[in-house]
Amino acid sequence: MRLVGALAVALATGCHAMVGLDELFSDEGAGGAGPECTLPAQCPQGTTCRPATCAAGKCGFVAVAAGTACSEKGGKVCDGEGACVQCHDGSQDCGPGVTCIGGMCADASCPVPGGTFPMGRSEGDADAYPGGDDDEQPEHQVTVSGYRLDAYEITVGRFRTFVEAGKGTQQSPPAAGAGKHPEIAQGSGWQQSYNGELATDTAALKAELGKHVDCTWTDAPAGNESYPVNCITWYEAFAFCAWDGGRLPTEAEWEHAAAGGSENRLYPWGQSAAGSGQANYSGEGNSPFEAVGSFPAGKGRWGQHDLGGSIWEWVLDWYESDWYAGGGNGCDDCANLAPGSRRVVRGGCWLNVAWALRAANRYSGNPRDRNRYVGARCARSAP
Ligand SMILES: [Ca+2]
Ligand SMILES: [Ca+2]
Ligand SMILES: [Ca+2]
3 MRLVGALAVA
13 LATGCHAMVG
23 LDELFSDEGA
33 GGAGPECTLP
43 AQCPQGTTCR
53 PATCAAGKCG
63 FVAVAAGTAC
73 SEKGGKVCDG
83 EGACVQCHDG
93 SQDCGPGVTC
103 IGGMCADASC
113 PVPGGTFPMG
123 RSEGDADAYP
133 GGDDDEQPEH
143 QVTVSGYRLD
153 AYEITVGRFR
163 TFVEAGKGTQ
173 QSPPAAGAGK
183 HPEIAQGSGW
193 QQSYNGELAT
203 DTAALKAELG
213 KHVDCTWTDA
223 PAGNESYPVN
233 CITWYEAFAF
243 CAWDGGRLPT
253 EAEWEHAAAG
263 GSENRLYPWG
273 QSAAGSGQAN
283 YSGEGNSPFE
293 AVGSFPAGKG
303 RWGQHDLGGS
313 IWEWVLDWYE
323 SDWYAGGGNG
333 CDDCANLAPG
343 SRRVVRGGCW
353 LNVAWALRAA
363 NRYSGNPRDR
373 NRYVGARCAR
383 SAP
């Protein structure tokens, strides 16, 4: 059964609602080889992932969108082509561009249109917040080109595929220039000087990942695969995203997605205070041991989950408190690449109070540190 073009496009790029059944007629359905009918009940029975239907007077089948539950037991999901499958976190079960989270197939990465937006905190616009930190100002216009930003933070399951491939170590570091930003020719890619910041080998990396209290990593796959991976250094986050075909977002790209661009949102989900299922933070969830995507009411304008809360997210830039008054002001498609001592993290975490989850909030960490509050998500080139 072939799927109509609209479905193929939706599966490849869909970051919003599941495709409706009426969009899914195959050529053998509406087109016409099936028996004549006036009601679906007159047609041969299908399956939950490939139910029979009656369209334009002919019987046919439709494919239920990938990721739709297909069984009452076992958490199985439809693969989008009529079959019922159980996906495994960190696997490729769901096909290209789709990831498996908690046994369900879900959009891996969502397109974010390019645009100009007011980066930083305003005094009187939607994102105004009395008492916000000084490093969020001045608000200034920044333009970013279109990109993709993953719908989820990197999970333990996805990070496991990287670790088990021997990556993220001095024995198998990224190539020089890997993970570079397409619009930033100089200094945005992996540098050979980073190699020595990686663990010596896979055994050493595993030992480091599980070293601290509240690290979500487990040496063997268990119940943590859908949790965000924390306790990763900036170098490991970079190496993971490069290996995964992406890169770290710039601070500007991250805030553009979290603020909904020109909507200049206070929080990734809008203006309302946290506390009604929008975020894993001190008021709800309050633990790194929560599956990514557990607070869908907090999705950003373009479909990203957990931009506010869960874990802080490493971005490409070095942290500079007066970046907005200096080099970052009036700078398009750029990042702060002048070496400093700390890299930027964004979005707040499971332990924070609500104000830390604001789209404009900035914080930073030593790029070598492993912290139970910090993980990452990847960005990718625009489709
Ligand atoms: Ca702003
Ligand atoms: Ca987050
Ligand atoms: Ca701050």
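Counting in the working numbering, the sequence shown runs from 3 upward without gaps. Ideal placement from N, C-alpha and C gives every residue a C-beta, glycine not left out.
DSSP lists Met106 as the bridge partner or partners of isoleucine 103. Leucine 318 has its Cβ no nearer than 7 Å to any heavy atom of ligand 2.
Taking 7 Å as the cut-off, one finds no heavy atom of ligand 2 near enough to the beta carbon of leucine 250. Under a 10 Å Cβ-count criterion, histidine 307 is classified as buried, with 16 or more other Cβ atoms of the shown protein chains found around its own Cβ. Shown in chain order are the residues whose CB sits closer than 6 Å to a heavy atom of ligand 3: Asp135, Asn363, Arg364 and Tyr365. Residue environment for aspartate 129: buried (at least 16 other C-beta atoms within 10 angstroms of its C-beta). Partner residues in a beta bridge of cysteine 217, as assigned by DSSP, do not exist. Proximity of the beta carbon of leucine 309 to ligand 2 is indicated: a heavy atom of the ligand is located closer than 7 Å. Excluding five sequence positions before and after valine 144, the CB atoms of its chain that fall closer than 6 Å to its own CB belong to Met121 and Ala254, given in chain order. Taking C-beta separations shorter than 6 Å and ignoring five residues to either side along the sequence, the partners of serine 228 in its chain run Asp91, Ile103, Gly104, Thr157 and Ala293, following chain order.
It is roughly 12 Å from the alpha-carbon of tyrosine 154 to the alpha-carbon of glycine 311.
For valine 346, the pairing in a beta bridge is given by DSSP as Ser366.
The residues Arg344, Arg345, Val347, Asn373 and Val376, in chain order, have a CB closer than 7 Å to that of glycine 367 in the same chain once the five nearest residues on each side in sequence are set aside. Excluding residues up to 5 positions away in sequence, Thr49, Thr50, Cys51, Cys72, Ser73, Lys78, Val79 and Cys80 lie with their Cβ nearer than 8 Å to the Cβ of cysteine 86 in the same chain. Closest by C-alpha distance to glutamate 141, out of Glu125, Pro175 and Asp109, is Glu125. If you ignore the 5 residues before and after serine 93, its C-beta comes within less than 6 Å of the C-beta of Cys102, all in its own chain and listed in chain order.
Taking 8 Å as the upper bound for CB-CB distance, glycine 248 and arginine 160 are not in contact here, some 11 Å apart. The residue among Glu83, Leu207, Val231 and Gly116 with its C-alpha nearest the C-alpha of glutamine 172 is Leu207.
Contact between the stretch 272-282 and the stretch 194-213 is absent, with fewer than three C-beta pairs closer than 8 Å. Judged by DSSP secondary structure, histidine 258 falls within the alpha helix (DSSP H) whose first and last residues are 253-260.
Taking C-beta atoms as the reference points, histidine 183 and alanine 378 fail to come closer than 8 Å.
The continuous beta strand (DSSP E) containing glycine 117 extends over residues 117-121.
Straight-line spacing of the CA atoms in alanine 177 and glycine 330 works out to 28 Å.
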